[in-house]
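Below you'll find the structure, written out as structure tokens, and then a few comments.
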Amino acid sequence: MKKAEVVFIPAPAMGHILALVEVAKLLVRRDDRLSATVFIMHPTLDLTTTKYSESLTASTLPGEKPPGPVQDQDILERKESDGRPGSALV
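So this is what it looks like as structure tokens:
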């Protein structure tokens, strides 16, 4: 099966890169039909960001299978057991 490609282009700042890499990891872990690419622009003045982004170039996201499908009733029961109203689904 061909995977859908999700492409991220973060703003060239340390906080944006870290956050988007974590979002990419989360998406790929949750759905094995997705693959993620993060394009990183190298700012010439920020060595910390450049060092971090260079460490990512050879890394790959693990191919973990997501949990099985969740039924609507499961979500309602979980929210009610947490003390939150079941109608507050997002």
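The opening position of the sequence shown corresponds to residue 1 in the UniProt record's numbering, with each subsequent residue numbered one higher. Virtual Cβ for every residue (Gly too), placed ideally from N, Cα, C.
Item                                                                                                                                                                               : Value
Could you tell me which residues DSSP pairs with residue 34 in its beta bridges?                                                                                                   : 4
Which residues in the same chain have their Cβ closer than 6 Å to the Cβ of residue 37, if we skip the five residues on either side of it in sequence?                             : 7
In terms of alpha-carbon separation, which member of 41, 33, 40, 21 lies closest to residue 4?                                                                                     : 33
Does DSSP put residue 40 in a helix, in a strand, or in coil?                                                                                                                      : coil
Decide if residue 9 is buried, meaning its Cβ has at least 16 other Cβ atoms within 10 Å, or exposed.                                                                              : exposed
From 35, 40, 39, 41, pick the residue whose C-alpha is nearest to that of residue 1; which is it?                                                                                  : 35
Taking all protein chains shown into account, do 16 or more other C-beta atoms lie within 10 angstroms of the C-beta of residue 11, making it buried, or fewer, making it exposed? : exposed
Roughly how many angstroms separate the alpha carbons of residue 21 and residue 41, rounded to a whole number?                                                                     : 14 Å
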